[in-house]
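Position in the sequence shown (first residue = 1) + 729 = the numbering used here.
Only one structure is covered here, and it is reproduced in the block below.
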Amino acid sequence: MGERADGASRRFGRDGSLPARRLLAADGHAARQAEPRAALAGRGAVEDLVTPLTVDEAFWRGRRVFLTGHTGFKGAWLALWLTRMGADVTGFSLPAESPSLFDQARVAELVTHVAGDIRDLAAVEAAMQAAQPEVVLHLAAQPLVRLSYSTPVETFATNVQGTVHVLDACRRIAGLKAIVAITSDKCYENRETNRPYREDDAMGGHDPYSASKGATELVVSTYRRSFFSDGDTKVASVRAGNVIGGGDWATDRLIPDLVRAMIAGEKPLIRSPDSIRPWQHVLEALGGYLMIAEHLFHGREWAATGWNFGPA
C-alpha cells in the first residue's frame, strides 16, 4: 500500500494545521529523538488541556460524531474531548473493562452509549443509521500484541473484518463527510533496518496484531479508492505508536505495568530492555486525529491518505 499526496501538500502550514509528520524508525519510531518542542500538558482533565495543536472547537460544536471504541483508553479520552467541545457523540463499543477511564470519568453520561461489537455488521449498521453522523472516528480494536498470539482469530476478526463493517456501514450515510480509521505504527513491514518508516512504506507484520493492522490499512485504502473516491466523503488512516496518559489500566503496556509494580513493591518486568521507544501523550495523538477529520470534512483531498503521528 502506501499512498502519498504531492510533496507540498504533505505538510500543514500556518493556517492552523498540523506540523510536519514524523518518521517512524524500524521498530515504529525514530531510535533517538530530541525532547519534544511543544509538549501537551494537563491537570488531569480535558477542561484544563493546554496544547499546541490547533483544534477548531467551533467546528466540533453540534457536530454529529460516531465514535467506535469509546470505552477504551484512547476512545474515552476522545469522547471527553469531543463532548467538551459540544459535539453530539454516539459511542459504539464493547462494555468497558474494569477499572477504566470510561467508568471513572462517567463517559456514558456524556454520549449516546451503544454497547455493541464491530464484528456484528447489523449492529454497526443500526447504530450508525440511528446516529446519522457527519464524522466517523473508528478506534475499536483488539489493541495488544501479546494478546494476539493467544487470540489470533479474534484479533483478525475485530481489527480487519470489524473495519470492513464500519466502512461498509458508512457507505449508506448520506451526510457523512469524514472518516478517520485509527490503526497503528505496527502496520509496517518490519525489515529489521534502522531506516525510519515513512507513510508510503509497505504494509506488513510478523505477528497477528501487526499483520492485522497492515491488513486493516489495505482495507481502508480499498474502501477509499473503491467507494469514496468521487463523492463528498473523505477517508484517512492514522498511525500512532506508544501513548501515555491517565486512565490507562491495560496489561502489557510499559508505563501501567511499571506503576502497578511500584504500587505492589515488586520488581518490574522489562520485556525488551534493549529497545528504545519514544512516547507521546494520548491527547497529542488524539488532537492530530481531530485535525485530520476537520481537513477531510472540508474536502481537502490531500488529507485523504495514511498519516504517521509521533513525538518530535
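For every residue, glycine included, the Cβ atom is placed at its ideal position computed from N, Cα and C.
{"Asked": "Taking C-beta to C-beta, are P1002 and L987 nearer than 9 Å?", "Found": "no"}
{"Asked": "Are the region 865–880 and the region 890–903 touching, with three or more C-beta to C-beta distances below 8 Å?", "Found": "yes"}
{"Asked": "Just to confirm the assignment, what range does the alpha helix (DSSP H) spanning K942 have?", "Found": "937–956"}
{"Asked": "Any heavy atom of the ligand GTP closer than 8 Å to the CB of E854?", "Found": "The ligand content of the structure shown is nil, which means the ligand GTP is not present either."}
{"Asked": "Taking the straight line between their C-alpha atoms, what separation do you get for K963 and W806?", "Found": "24 Å"}
{"Asked": "Among T812, R790, V874, G845, which has the Cα closest to the Cα of S913?", "Found": "V874"}
{"Asked": "Compute the Euclidean distance between the alpha carbons of T819 and R989, then round it to the nearest angstrom.", "Found": "33 Å"}
{"Asked": "Which residues does DSSP pair with H1024 in a beta bridge?", "Found": "The partner list for H1024 (beta bridge, DSSP) is empty, contrary to what the question assumes."}
{"Asked": "Would you give the residue range spanned by the alpha helix (DSSP H) that R793 belongs to?", "Found": "Per DSSP, R793 belongs to no alpha helix (DSSP H); it is in the beta strand (DSSP E), 793–797."}
{"Asked": "Can you look up F1038 in the DSSP assignment and give me helix, strand or coil?", "Found": "strand"}
{"Asked": "Mapping the DSSP letters down to three states, classify M932 as helix, strand or coil.", "Found": "strand"}
{"Asked": "Leaving out five residues on either side along the sequence, give the residues of the same chain with a beta carbon under 7 Å from the beta carbon of R761.", "Found": "Annotation note: pLDDT 35 at R761 (below 50); position unreliable, coordinate value reported separately. So the qualifying residues of the chain are I1005."}
{"Asked": "Check each candidate in R901, L830, V836 and name the one with the smallest Cα separation from L850.", "Found": "R901"}
{"Asked": "Our contact map puts A944 next to V889 with C-beta atoms below 8 Å; I'd like the distance itself, whole angstroms only.", "Found": "5 Å"}
{"Asked": "For the alpha helix (DSSP H) that contains A818, what are its first and last residues?", "Found": "Strictly speaking, residue 818 in this sequence is Val, with Ala absent from that position. Here V818 belongs to no alpha helix (DSSP H); instead the beta strand (DSSP E) covers 817–822."}
{"Asked": "For G1017, tell me which candidate among V909, V865, G845, P824 has the shortest Cα-Cα distance.", "Found": "V909"}
{"Asked": "Let me check one thing: in DSSP terms, what residues is Q1009 bridge-paired to?", "Found": "V972"}
{"Asked": "CB R848 to CB G891, shorter than 9 Å?", "Found": "yes"}
{"Asked": "Give the DSSP-derived three-state secondary structure of L839 in the structure shown.", "Found": "coil"}
{"Asked": "Is it true that the CB of W789 sits closer than 9 Å to the CB of L713?", "Found": "In the structure as shown, the chain begins at 730 and stops at 1041. Residue 713 is therefore absent and cannot be evaluated."}
{"Asked": "Give me the Cα-Cα distance between H1024 and A993, rounded to the nearest whole angstrom.", "Found": "46 Å"}
{"Asked": "Less than 7 Å between C-beta atoms, sequence neighbours within five positions excluded: which residues of the same chain meet that for P828?", "Found": "W978"}
{"Asked": "I'd like to know whether the C-beta atoms of V724 and A856 end up nearer to each other than 9 Å.", "Found": "In the structure displayed, the chain extends from 730 to 1041; residue 724 sits before or after that span and is not available."}
{"Asked": "According to DSSP, simplified to helix, strand and coil, what is A808?", "Found": "helix"}
{"Asked": "Which residue from G933, R793, P1040, E1030 puts its Cα closest to that of S958?", "Found": "E1030"}
{"Asked": "With 16 as the cutoff for other CB atoms within 10 Å, does S879 come out buried or exposed?", "Found": "exposed"}
{"Asked": "How far does the alpha helix (DSSP H) with V853 in it reach, from first residue to last?", "Found": "850–860"}
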